[in-house]
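Numbering (this note's numbering), first residue to last: 4 to 154.
Glycine residues also receive a C-beta, built at the ideal position from the N, C-alpha and C atoms.
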């Protein structure tokens, strides 16, 4: 969908009049990969690795189901290598991310409740806000962007 939107409407696609989709359950690999501007994907559940990989625009939000016994601030709600190489867009995760979060991020904006090892490696742009703990090697090779960590 994002490829067609970008090809037809340009990099920021339908940013002024977004397409919104709601999902529930467990998303497989690559939820929101290469997301274009004007695509908003909302997931109630959890997702595996590569969420938002190569994302250029749009919005991804992931939260646990209401009343869930899953404690997303203590365990990962999204997997490893999320936002790898993202150039834009926003990701909001009501829970922790796995390892290698926002590696090579150059423009995405994100808020997450904690991340594993090697977060923000080689980041050159964008904004990462971590409302919890980070693993070791945070920000290695980071040359740009902003990382805010509470915890």
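Of the listed residues the options, nearest to residue i (C-alpha basis)
i           : options           : result
residue 126 : 63, 135, 134, 148 : 148
residue 138 : 108, 114, 104     : 104
residue 27  : 118, 69, 142      : 69
residue 64  : 8, 101, 114, 37   : 114
residue 73  : 91, 94, 49        : 49
Bounding residues of the beta strand (DSSP E) (the contiguous stretch that carries residue i)
i           : result
residue 151 : 147-152
residue 64  : 62-66
residue 139 : Residue 139 -> no beta strand (DSSP E), and no H or E assigned at all.
residue 46  : 42-50
residue 26  : 22-30
residue 129 : 127-133
Sequence-distant residues of the same chain with beta carbon closer than 8 Å to residue i, five excluded per side
i          : result
residue 78 : 98, 99
residue 19 : 41
First through last residue of the alpha helix (DSSP H) which encompasses residue i
i          : result
residue 84 : Careful: residue 84 lies outside any alpha helix (DSSP H) and carries neither H nor E.
residue 8  : 5-12
Assumed close pair residue i, residue j - CB separation to whole angstroms, cut-off 8 Å
i           : j          : result
residue 40  : residue 54 : Going by Cβ atoms, the distance from residue 40 to residue 54 rounds to 17 Å, so no, they are not a contact pair.
residue 111 : residue 92 : 5 Å
Close-in-space but distant-in-sequence residues of the same chain around residue i (CB under 7 Å, 5 per side omitted)
i           : result
residue 141 : 122, 123
residue 144 : 124, 125
residue 102 : 83, 119, 120, 121, 138
Proximal residues to residue i (C-beta, below 6 Å), its chain only, five neighbours per side dropped
i           : result
residue 135 : 116, 117, 154
Chain D within 7 Å of residue i, Cβ atoms only
i          : result
residue 46 : Looking for chain D here will not work: only one protein chain is present.
(request) Let me know the beta strand (DSSP E) ranges lying completely inside the stretch 84-125, each 3 residues or longer, listed in chain order. (result) 93-96, 109-115
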